[in-house]
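Chemist: Each number in this note's numbering comes from the position in the sequence shown (counting from 1) with 394 added on. First the structure, then my questions, so here it is.
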Amino acid sequence: MYAIIVDGKVAEVTPALPLVGAMFLECGAEVRPGWIVVGGVCVAPMVAPEADPNTEIDAQIAALEATQHRATRELLLTLGANLPAEARVRLAEIDSQIEALRAQRV
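Right, dumping it as structure tokens:
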């Protein structure tokens, strides 16, 4: 088998010797178009790693925690007897939203 090379990648695989003038090299039957040529060897392109499914969830958690840091929330909820009720409710809502998001992480 022969791999015809264009721009450093396998453009075509053929059993016959390619035309003179074309860049080619001998290769195994497993080589496919799109493979990369490195140092005269055909190499399968690397598969891109899957995106982290938690990235969006982590961003949402970070955005919520940026509104009020955890230590401050805990302190205010624990010691904030003089805190207005709506502020306590808001801090508790932030905590529950963060906990719900953490439960969704994979």
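Virtual Cβ for every residue (Gly too), placed ideally from N, Cα, C.
Would Q454 and L485 be called neighbours here (beta carbons separated by less than 8 Å)?
Modeler: Counting from one through the sequence shown, the residue named residue 454 turns up at place 60. Counting from one through the sequence shown, the residue named residue 485 turns up at place 91. Contact: no.
Chemist: With DSSP as the reference, label A438 as helix, strand or coil.
Modeler: Along the sequence shown, one-based indexing puts residue 438 at 44. Three-state DSSP puts A438 in coil, outside helix and strand.
Chemist: Could you give the residue range of the alpha helix (DSSP H) that holds E459?
Modeler: For the purposes of this step, residue 459 is taken as residue 65 along the sequence shown, with counting starting at 1. From DSSP, the alpha helix (DSSP H) with E459 extends over T449 to T461.
Chemist: By alpha-carbon positions, which one of V425, Q462 and W429 ends up nearest to R482?
Modeler: For this step, residue 482 is matched to residue 88 along the sequence shown. Checked all of V425, Q462 and W429; the closest Cα to R482 is Q462.
Chemist: Going by other Cβ atoms of all chains shown within 10 Å of its Cβ, with 16 needed for buried, is R467 buried or exposed?
Modeler: Here residue 467 refers to the residue found at position 73 of the sequence shown. Buried, since its Cβ has 16 or more Cβ neighbours within 10 Å.
Chemist: For I430, which residues does DSSP report across the bridge?
Modeler: Sequence index remark: in the sequence shown, residue 430 carries index 36 (1-based). In DSSP, I430 forms a bridge with K403 and V437.
Chemist: What are the boundary residues of the alpha helix (DSSP H) that includes L419?
Modeler: Here residue 419 refers to the residue found at position 25 of the sequence shown. No alpha helix (DSSP H) holds L419; the beta strand (DSSP E) holding it covers F418 to E420.
Chemist: Grab me the residues of P427's own chain with a C-beta within less than 7 Å of its C-beta, minus the 5 sequence neighbours each way, in chain order.
Modeler: If you number the sequence shown from 1, residue 427 lands on position 33. The residues are V404, A405, E406 and V407.
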